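*Asks:*
Here it is in structure tokens:
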């Protein structure tokens with residue numbers, strides 16, 4: 114795969130990951146606070162544990 118195609122695919126995946134408001138909130142909190150566990154993310158975002166875990170899994 115060419116470099117341009119690889120870079121385009123990487124950017125596409127990153128944009129899709131943060132397109133969801135829950136995932137964007139998680140990414141923003143991690144960028145503000147640094148490494149966080151799921152419980153910390155729950156407290157900061159107000160997401161339930163299953164929702165939080167689901168979105169963290171999709172981001173990884």
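Numbering (this note's numbering), first residue to last: 114 to 173. Even for Gly, the Cβ is constructed at its ideal location relative to N, Cα and C. Remember, predicted model here, so these are calculated numbers, not experimental data.
Quick check on the DSSP output: the alpha helix (DSSP H) that includes residue 152 runs from which residue to which?
*Replies:* Note, residue 152: alpha helix (DSSP H), 151-158.
*Asks:* Quick check on the DSSP output: the alpha helix (DSSP H) that includes residue 148 runs from which residue to which?
*Replies:* Looking at the DSSP string, residue 148 is not in any alpha helix (DSSP H), and its letter there is neither H nor E.
*Asks:* Please report the straight-line C-alpha distance between residue 64 and residue 169, rounded to a whole angstrom.
*Replies:* Beyond the ends of the chain as shown, which are 114 and 173, falls residue 64; an answer cannot be given.
*Asks:* Looking only at its own chain, which residues have a Cβ that is under 6 Å from the Cβ of residue 137, when we skip the five neighbours before and after it?
*Replies:* 131, listed in sequence order.
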